[in-house]
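**Student:**
Protein chains: 2
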Amino acid sequence: MDQTARKVLIADDEPDIREFLQYNLSAEGYEVYTAKDGDETLDKAKRIQPDLIVLDVMMPKKSGVEVCQLLRSQSAFKDTIILMLTALNDDGSHIKGLENGADDYIGKPISPKVLVTRINALFRRLSKPKAGLLTMDSISIDPEKFVVRVEDKEVSLAKKEFELLYLLAHRPGRVFLRNEILNQVWGNEVIVGDRTIDVHIRKIRQKLGIDCITTVKGVGYKFER
Amino acid sequence: MDQTARKVLIADDEPDIREFLQYNLSAEGYEVYTAKDGDETLDKAKRIQPDLIVLDVMMPKKSGVEVCQLLRSQSAFKDTIILMLTALNDDGSHIKGLENGADDYIGKPISPKVLVTRINALFRRLSKPKAGLLTMDSISIDPEKFVVRVEDKEVSLAKKEFELLYLLAHRPGRVFLRNEILNQVWGNEVIVGDRTIDVHIRKIRQKLGIDCITTVKGVGYKFER
DNA sequence: CCCAGAGTTAATAATAACTTAATATTTAGT
DNA sequence: ACTAAATATTAAGTTATTATTAACTCTGGG
């Protein structure tokens with residue numbers, strides 16, 4: 037299977053809808069997974085880390101809306117594209133979906149053409165470009181393998197630490213405001229105190245051993261050298 | 037998501053209006069965030085630093101007018117475009133909005149076309165070109181990296197020093213009154229003595245090494261060369 | 001169940017930024 | 001050249017921001 041294939045998770049309690057979606061999306065080259073209720077969706081989403089989730093509003097265990105809210109409250113899913121599926125294509129549920137963080141919705145019945153077009157459009161519009169390997173002299177950061185190498189020694193960072201370092205390092209010299217950092221790394225729904233950033237910065241400095249993050253007091257942090 | 041997408045924050049207590057705006061503005065390529073009451077608006081505005089805020093007049097917690105006033109009293113939002121939304125399209129609330137620092141207003145009900153046209157127009161009319169790199173011969177000022185380079189040597193200034201230098205340098209030759217400087221750099225609520233400016237000027241001159249700030253006695257300062 | 005690691009918070013310490021006040025120097029007007 | 005007013009300079013005092021540490025929660029794996 038293509039290494040860069042987009043992963044799509046389909047969540048619907050009706051087997052024939054799952055099959056229909058799976059068929060059409062596989063044909064488009066997506067890597068498709070399915071779930072049949074809210075809880076299973078959450079489990080699989082966590083394991084698979086899909087790029088897009090097709091979420092039926094009406095599902096057993098947890099409704100699509102609930103699942104959507106739960107996913108959006110976790111920073112791991114802040115960039116996951118969520119497409120709601122609803123039989124009720126009245127404004128009410130449409131609204132409810134988008135309000136809770138969905139990126140788009142489609143009303144049943146679904147035409148294969150509309151579905152595929154919409155999903156492709158979502159990817160075009162929303163997906164972040166895949167992060168690439170960063171290399172500065174004596175330090176390299178690989179987001180694929182999740183590894184940082186400093187002077188030929190491998191350093192393992194925790195996820196938040198890594199994301200923070202990557203954010204700063206992908207634009208060396210540029211100052212990132214604390215707000216920007218919170219938005220990019222934690223997402224704008226999550227609320228954490230300012231000291232949290234400091235603590236992560238400290239751990240990064242500590243683990244890397246070399247001083248490559250500069251504090252700009254009253255402003256933010258930047259990566260240098 | 038486009039890295040340079042304009043950020044728009046929508047503040048309205050009615051879910052269907054939020055959704056309506058979100059849908060239409062997302063489709064235009066804006067990066068859209070929402071808030072459902074006054075307090076949430078202030079929180080998110082601070083966090084997200086949107087380029088434009090669509091502000092409903094009638095909201096719980098704090099009204100749009102209050103939010104507008106509060107935002108405008110903070111220097112971080114002096115360039116944020118504010119568009120008021122009101123069901124009462126009588127002159128009274130229109131005036132009240134503009135009086136309190138809003139840049140435009142739209143009366144409900146809203147047509148998507150009008151909305152998008154108006155917002156695009158506001159951006160065209162009001163948005164400042166991104167604070168950019170200033171380059172004069174032998175000196176360059178980079179607000180993104182928060183660094184000044186003088187004859188290929190990097191000089192790091194503290195926040196107030198930098199803001200002051202940037203203010204003067206972005207209009208070389210133009211004299212800035214002490215009052216203007218206080219307003220722009222310190223904001224109009226903060227009260228500091230006149231000597232404070234002198235001290236910062238001195239530090240800048242000292243750090244840069246070259247004399248590029250001229251005193252205009254009895255008037256103010258200007259950047260030259 | 002317990003442990004280990006990640007993530008967060010809160011309290012305190014440390015430090016840099018900022019402001020002020022006191023004194024010296026410069027400038028412009030007479 | 002004298003004077004008054006404005007600015008320059010310096011050092012010291014204050015405040016704001018960040019660094020550091022340790023404790024606490026939460027989660028998943030053994």
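Listed in order, the protein sequences are those of chains A and B. Position one of the first sequence corresponds to residue 37 (our numbering), numbered consecutively onward. Position one of the second sequence corresponds to residue 37 (our numbering), numbered consecutively onward. For glycine and all other residues, C-beta sits at the position ideal for the given N, C-alpha and C.
1) Taking all protein chains shown into account, do 16 or more other C-beta atoms lie within 10 angstroms of the C-beta of residue 141 of chain B, making it buried, or fewer, making it exposed?
2) Residue 20 of chain A by DSSP, collapsed to three states: which one?
3) Less than 8 Å between CB atoms is the rule here; does residue 100 of chain A satisfy it with respect to chain B?
4) Let me check understanding here. Comparing Cα to Cα, which of B/216, B/198, B/179 and B/172 lies closest to residue 238 of chain B?
5) Touch check for the region 77 to 97 of chain B and the region 219 to 232 of chain A: three-plus C-beta pairs under 8 Å?
6) Please name the residue in B/93, B/119 and B/152 whose C-alpha comes closest to that of residue 62 of chain B.
7) Below 8 Å, how does it come out for the region 40 to 57 of chain B and the region 200 to 215 of chain B: are there three or more Cβ pairs, yes or no?
8) Alpha carbon to alpha carbon, how far is residue 201 of chain A from residue 249 of chain A?
9) Quick check on this structure: which residue in A/180, A/90 and A/190 has the alpha carbon closest to the alpha carbon of residue 159 of chain A?
10) Just by C-beta distance, which residues in the region 191 to 220 of chain B are closer than 9 Å to chain A?
11) Given a limit of 9 Å on CB to CB distance, which residues of the region 74 to 89 of chain B reach chain A?
12) Give the straight-line distance between the Cα atoms of residue 229 of chain B and residue 204 of chain B, rounded to the nearest whole angstrom.
13) Tell me whether residue 107 of chain B is buried or exposed, calling it buried when 16 or more other Cβ atoms sit within 10 Å of its Cβ.
14) Please state whether the Cβ-Cβ distance between residue 73 of chain B and residue 52 of chain B is less than 8 Å.
15) Between residue 44 of chain B and chain A, is the shortest Cβ-Cβ distance under 8 Å, so that the two count as touching?
16) Whose Cβ in chain B lies nearer than 9 Å to the Cβ of residue 255 of chain A?
17) Name the DSSP bridge partner or partners of residue 5 of chain B?
18) So which residues of chain A does residue 66 of chain B contact, with C-beta pairs closer than 8 Å?
19) Excluding sequence positions up to five away, which residues of its chain have a Cβ less than 6 Å from the Cβ of residue 261 of chain A?
20) Where does residue 59 of chain A land, buried or exposed, given buried means 16+ other C-beta within 10 angstroms?
21) What three-state label does DSSP hand residue 175 of chain B in the structure shown?
22) Quick one: give me the first and last residue of the alpha helix (DSSP H) that residue 100 of chain B is part of.
23) Which residues, in order along the region 232 to 261 of chain A, keep a beta-carbon less than 8 Å from a beta-carbon of chain B?
24) How far does the alpha helix (DSSP H) with residue 201 of chain B in it reach, from first residue to last?
25) Write down the C-beta distance between residue 144 of chain B and residue 123 of chain B rounded to the nearest angstrom, noting that I regard them as a contact closer than 8 Å.
26) Note down the Cα distance separating residue 77 of chain A from residue 102 of chain A, rounded to an integer number of angstroms.
27) Quick one: does residue 156 of chain A have its CB under 8 Å from some CB of chain B?
28) Give a yes or no on whether 8 Å exceeds the smallest Cβ distance from residue 69 of chain B to chain A.
29) In terms of alpha-carbon separation, which member of A/150, A/47, A/114 and A/191 lies closest to residue 139 of chain A?
30) Express the C-alpha separation of residue 193 of chain B and residue 275 of chain B in angstroms, rounding to a whole number.
31) Where residue 220 of chain B and residue 104 of chain A are concerned, what is the direct C-alpha to C-alpha distance, given to the nearest angstrom?
32) Candidates B/54, B/218, B/68 and B/178: which alpha carbon is nearest residue 88 of chain B's?
33) Check the Cβ of residue 60 of chain A against every Cβ in chain B and list those closer than 8 Å, keeping chain order.
34) Give the secondary structure of residue 70 of chain A by DSSP, where H, G and I count as helix, E and B as strand, and everything else as coil.
35) For the putative contact between residue 186 of chain A and residue 174 of chain A, defined by C-beta atoms under 8 Å, what is the C-beta separation to the nearest angstrom?
**Tutor:** Reading from the atomic positions:
1) For this step, residue 141 of chain B is matched to residue 105 along the second sequence. By the 10 Å Cβ count, residue 141 of chain B comes out buried.
2) Coverage of chain A is limited to positions 37 through 261, which leaves residue 20 of chain A absent and any answer about it impossible.
3) Along the first sequence, read from residue 1 onward, the residue named residue 100 of chain A stands at position 64. For residue 100 of chain A, the answer is no, since every Cβ of chain B falls outside 8 Å of its Cβ.
4) Along the second sequence, one-based indexing puts residue 238 of chain B at 202. For residue 238 of chain B, the closest C-alpha among the options B/216, B/198, B/179 and B/172 is that of B/198.
5) yes
6) By one-based count along the second sequence, residue 62 of chain B stands at place 26. Of the residues B/93, B/119 and B/152, the one whose Cα lies closest to the Cα of residue 62 of chain B is B/152.
7) no
8) Position 165 of the first sequence, counting from 1, holds the residue named residue 201 of chain A. Position 213 of the first sequence, counting from 1, holds the residue named residue 249 of chain A. Their Cα atoms are separated by approximately 9 Å.
9) Here residue 159 of chain A refers to the residue found at position 123 when the first sequence is read from its first residue. Of the candidates A/180, A/90 and A/190, the one whose C-alpha sits nearest the C-alpha of residue 159 of chain A is A/90.
10) 192, 194, 195, 196 and 198
11) 79, 80, 82, 83, 84 and 85
12) In the second sequence, the residue the question calls residue 229 of chain B occupies position 193. In the second sequence, the residue the question calls residue 204 of chain B occupies position 168. Roughly 19 Å between the two C-alpha positions.
13) Sequence index remark: in the second sequence, residue 107 of chain B carries index 71 (1-based). It counts as buried.
14) Walking along the second sequence from the start, residue 73 of chain B turns up at place 37. Walking along the second sequence from the start, residue 52 of chain B turns up at place 16. Taking 8 Å as the Cβ cut-off, residue 73 of chain B and residue 52 of chain B do not qualify as a contacting pair.
15) Counting from 1 along the second sequence, the entry for residue 44 of chain B is found at position 8. It does not: the Cβ of residue 44 of chain B has no partner Cβ on chain A nearer than 8 Å.
16) On the first sequence, residue 255 of chain A is found 219 positions in, with the first residue counted as 1. The contacting residues are 182, 195 and 198.
17) Nothing can be reported for residue 5 of chain B: it is not among the residues displayed for chain B, which extend from 37 to 261.
18) The sequence position of residue 66 of chain B within the second sequence is 30, counting from 1. Neighbours of residue 66 of chain B on chain A: none; closest Cβ ~11 Å, over 8 Å.
19) In the first sequence, the residue the question calls residue 261 of chain A occupies position 225. Taken in chain order, the residues that qualify are 248.
20) The residue you call residue 59 of chain A lines up with position 23 of the first sequence. Result: exposed.
21) Sequence index remark: in the second sequence, residue 175 of chain B carries index 139 (1-based). If DSSP states are grouped into helix, strand and coil, residue 175 of chain B belongs with the strands.
22) Numbered from its first residue, the second sequence carries residue 100 of chain B at position 64. It spans 100 to 108 - the alpha helix (DSSP H) in which residue 100 of chain B sits, taken as one unbroken run.
23) 252, 253, 254, 255 and 258
24) On the second sequence, residue 201 of chain B is found 165 positions in, with the first residue counted as 1. Per DSSP, residue 201 of chain B belongs to the alpha helix (DSSP H) from 195 to 205.
25) Counting from one through the second sequence, the residue named residue 144 of chain B turns up at place 108. Counting from one through the second sequence, the residue named residue 123 of chain B turns up at place 87. At roughly 5 Å, the Cβ-Cβ gap stays under 8 Å, so residue 144 of chain B and residue 123 of chain B are in contact.
26) Start at 1 with the first residue of the first sequence, and residue 77 of chain A comes out as number 41. Start at 1 with the first residue of the first sequence, and residue 102 of chain A comes out as number 66. Distance between the alpha carbons of residue 77 of chain A and residue 102 of chain A is about 11 Å.
27) Along the first sequence, one-based indexing puts residue 156 of chain A at 120. Chain B, which has no Cβ nearer than 8 Å to the Cβ of residue 156 of chain A, makes this no.
28) Walking along the second sequence from the start, residue 69 of chain B turns up at place 33. Residue 69 of chain B counts as touching chain A.
29) If you number the first sequence from 1, residue 139 of chain A lands on position 103. Among A/150, A/47, A/114 and A/191, the Cα nearest to that of residue 139 of chain A is on A/114.
30) Nothing in the structure corresponds to residue 275 of chain B, since chain B is present only between 37 and 261.
31) Translated into the one-based positions of the second sequence, residue 220 of chain B becomes position 184. Translated into the one-based positions of the first sequence, residue 104 of chain A becomes position 68. The alpha-carbon atoms of residue 220 of chain B and residue 104 of chain A are separated by roughly 44 Å.
32) Start at 1 with the first residue of the second sequence, and residue 88 of chain B comes out as number 52. Of the candidates B/54, B/218, B/68 and B/178, the one whose C-alpha sits nearest the C-alpha of residue 88 of chain B is B/68.
33) For this step, residue 60 of chain A is matched to residue 24 along the first sequence. Within chain B, no residue comes near residue 60 of chain A; the closest Cβ sits about 24 Å away, beyond 8 Å.
34) Numbered from its first residue, the first sequence carries residue 70 of chain A at position 34. Strand at residue 70 of chain A.
35) The residue labelled residue 186 of chain A in the question sits at position 150 within the first sequence. The residue labelled residue 174 of chain A in the question sits at position 138 within the first sequence. With 8 Å as the limit, residue 186 of chain A and residue 174 of chain A qualify as a contact, their Cβ atoms being about 7 Å apart.
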